[in-house]
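Everything below concerns the one structure shown next.
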Amino acid sequence: MNFKDGLPIYIQIAERLSDEILAGHYVADMRVPGIREYAALLEVNVNTAVKAFDQLASCGILYNKRGLGYFVANEAKTLILETRRKNFFENDVPEFFKQIRLLAITPEELEKIFDQYLP
Numbered sequence: 710m711n712f713k714d715g716l717p718i719y720i721q722i723a724e725r726l727s728d729e730i731l732a733g734h735y736v737a738d739m740r741v742p743g744i745r746e747y748a749a750l751l752e753v754n755v756n757t758a759v760k761a762f763d764q765l766a767s768c769g770i771l772y773n774k775r776g777l778g779y780f781v782a783n784e785a786k787t788l789i790l791e792t793r794r795k796n797f798f799e800n801d802v803p804e805f806f807k808q809i810r811l812l813a814i815t816p817e818e819l820e821k822i823f824d825q826y827l828p
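So the sequence shown is residues 710 to 828, counted in my numbering.
Right, dumping it as structure tokens:
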């Protein structure tokens with residue numbers, strides 16, 4: 710995994726696992742890879758992976774079954790969607806429209822691009 714500068718690695722790991730839940734790779738009550746396994750897969754320190762899993766557990770996205778590992782919570786997908794949509798509408802959309810104004814992009818140009826990315 711290529712990590713971005715300026716964002717803690719454990720947050721990027723948590724976002725990746727959240728992406729995998731949204732994509733349906735892991736569903737409610739399904740066991741996710743173990744912390745050591747996930748750390749090895751991403752080539753990160755185990756403590757960094759622990760921090761990512763703990764964050765997801767504290768948000769209600771994962772839950773831990775002692776001795777068995779972490780599992781996807783029933784409401785995980787809904788929680789991730791709600792959080793991401795809120796962040797998108799509060800942060801990304803205003804910046805997007807600011808750039809549209811600054812670049813004088815027309816509605817017609819937007820429609821063309823919209824059709825290209827979301828057919």
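We put the CB at the ideal spot given by N, CA and C, even for glycine. Note that the structure is predicted; figures quoted are calculated from it, not measured.
Exercise. Under a three-way DSSP split, which group does Asn754 fall into?
Worked result: coil
For this session: Within 10 angstroms of the Cβ of Phe823, are there 16 or more other Cβ atoms? Answer buried if so, exposed if not.
Result: exposed
For this session: Return the first residue and the last residue of the alpha helix (DSSP H) that Lys807 is part of.
Result: Val802 to Leu812
Problem set entry | Burial state of Leu771 (16 or more Cβ within 10 Å) | buried
Exercise. How about Val736 and Ile744: are their beta carbons less than 8 angstroms apart?
Worked result: no
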